[in-house]
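In terms of the numbering used here, the sequence shown opens at residue 433 and continues consecutively. Yeah, the Cβ is synthetic: ideal placement off N, Cα and C, and Gly gets one too. Encoded as structure tokens, the structure appears first; notes follow it.
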Amino acid sequence: MAIISSKEMLIKAYNEKYAVGAFNVNNMEIIQGIMDAALQERSPLILQVSAGARKYAKPAYLMKLVEAAIEDTGLDVCLHLDHGENFEICAACVDDGFSSVMIDGSSLSFEHNIAETKKVVEYAHERGVSVEAELGTLAGIEDAVSVSEKDAKFTDPDQAAEFVERTGVDSLAIAIGTSHGAYKFKGEPKLDFERLEKITKLLPGFPIVLHGSSSVPEEFVTLCNQYGGKIPGAKGVPEEMLAKASKMGVAKINIDTDLRLAMTASIRKVLTEKPDVFDPRVYLKEGREAIKNMVAHKMRDVLGSSGRL
Ligand code: G3H
Ligand code: 13P
Ligand code: ZN
């Protein structure tokens with residue numbers, strides 16, 4: 433068992449019409465909760481680390497935690513850098529032993545994004561590491577948004593095809609209406625499935641990635657708020673839309689916010705209901721269990737990745 437690249441994992445998911453969950457991690461309990469879920473569900477998985485998480489947990493701790501997770505469960509794990517902002521951080525993660533990196537050049541011009549991505553692809557591929565890139569701007573679709581506004585933000589299908597061809601990247605994150613965090617849509621949730629279909633037609637067999645794919649389940653928002661939290665009006669991507677996307681060429685789906693919500697809601701509950709508790713193990717254990725249940729639910733009921741190992 434080992435740290436494995438995402439290349440074969442995502443092609444298998446694409447071919448079999450399901451998506452691999454990419455879950456953000458930054459401490460031991462989150463990693464353990466996700467791994468326990470994957471073991472129970474016999475599901476492939478990606479553990480992803482943002483620059484902020486890398487700074488918080490420190491690279492050496494993260495590597496050892498992931499190695500321990502593999503030893504403990506006997507599962508292969510893809511360890512992925514989420515939103516690498518330049519070549520330097522991507523190369524540092526490749527050198528640390530990550531098996532996959534994302535170069536996020538989505539805020540750059542098309543040509544500059546291509547140049548940065550190519551540089552990372554060259555470095556990573558020589559070392560057996562897969563690369564994800566991003567094209568388009570993540571933003572929710574507001575009810576009144578015009579076609580030209582959509583075209584300006586969302587991924588252009590022809591550009592996506594040209595980008596993949598010219599960079600040799602292994603997967604591409606696209607913008608079709610998802611966005612990061614707990615406040616994704618002002619009106620009704622909507623994704624541009626027509627655009628997704630156009631992109632996959634131009635890129636047959638090529639794995640597409642969706643960021644900003646938390647569903648922000650109402651019960652967890654309510655639980656957080658019930659126990660002293662303040663996250664009013666949070667709204668995410670309905671699970672049916674993610675299930676649909678995972679059958680249409682989306683092979684990797686990124687989830688962070690829902691894990692944060694699950695863990696925080698359960699910890700708030702324990703601390704409120706048992707004010708005498710001050711042993712961190714008591715509430716972190718609840719947090720870990722909440723992560724496990726949330727991830728198992730995603731694998732089984734949303735992504736369709738259960739039983740695929
Ligand atoms: O897409 C961003 C992820 O949710 C990571 O967030 O930068 O706060 O660790 P972070
Ligand atoms: P959410 O904020 O919807 O969980 O998205 C996470 C993400 O895209 C990480 O890259
Ligand atoms: Zn993201």
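Residue nearest to residue i in terms of C-alpha spacing, selected from the options
| i | options | result |
| --- | --- | --- |
| residue 716 | 536, 585, 460, 491 | 460 |
| residue 696 | 722, 590, 492, 458 | 722 |
| residue 730 | 508, 708, 453 | 453 |
| residue 612 | 700, 737, 687 | 687 |
| residue 606 | 689, 628, 505 | 628 |
| residue 537 | 655, 443, 521 | 521 |
| residue 692 | 669, 665, 652 | 652 |
| residue 622 | 610, 632, 615, 614 | 610 |
| residue 689 | 707, 586, 656, 547 | 656 |
| residue 668 | 683, 679, 654, 649 | 649 |
| residue 586 | 683, 625, 475 | 625 |
| residue 463 | 738, 726, 614 | 726 |
| residue 516 | 476, 488, 566 | 566 |
| residue 447 | 738, 617, 679 | 679 |
| residue 618 | 665, 645, 641, 553 | 665 |
| residue 579 | 608, 553, 700, 474 | 608 |
Nonlocal neighbours in the same chain, by C-beta distance under 8 Å from residue i, ignoring five residues either side
| i | result |
| --- | --- |
| residue 557 | 563, 600 |
| residue 529 | 435, 495, 511 |
| residue 670 | 621, 647 |
| residue 810 | Lying before the first or after the last residue shown, residue 810 is absent from the chain, which here runs from 433 to 741. |
Residues near residue i in its chain [Cβ-Cβ closer than 6 Å; skip 5 each side]
| i | result |
| --- | --- |
| residue 702 | 715, 718 |
| residue 428 | With the chain covering 433 to 741 only, the question about residue 428 has no answer from this structure. |
| residue 634 | 589, 593 |
| residue 433 | 502, 506, 508 |
| residue 491 | 528 |
| residue 708 | none |
| residue 544 | none |
Residue-level contact to chain B via CB, residue i, 7 Å cutoff
| i | result |
| --- | --- |
| residue 730 | The question asks about chain B, but that chain is absent: this structure has only one protein chain. |
Chain-order list of residues whose beta-carbon lies under 7 Å from that of residue i (same chain, five-residue window excluded)
| i | result |
| --- | --- |
| residue 437 | 510, 531, 532, 560, 561, 562 |
| residue 485 | 456, 457, 458 |
| residue 551 | 519 |
| residue 591 | 542, 567 |
| residue 489 | 458, 459 |
| residue 720 | 461, 464, 465 |
Counterpart residues of residue i in DSSP-defined beta bridges
| i | result |
| --- | --- |
| residue 525 | The partner list for residue 525 (beta bridge, DSSP) is empty, contrary to what the question assumes. |
| residue 455 | 479, 687 |
| residue 516 | 535 |
Does the count of Cβ pairs from the stretch 669-689 and the stretch 701-716 closer than 8 Å reach three? The answer is no - the stretch 701-716 does not touch the stretch 669-689, with fewer than three Cβ pairs under 8 Å.
Does the stretch 644-664 come close enough to the stretch 465-474 that 3 or more CB-CB pairs lie under 8 Å? no
Inter-stretch contact at 8 Å, needing at least 3 Cβ pairs: the stretch 536-550 / the stretch 440-451: no
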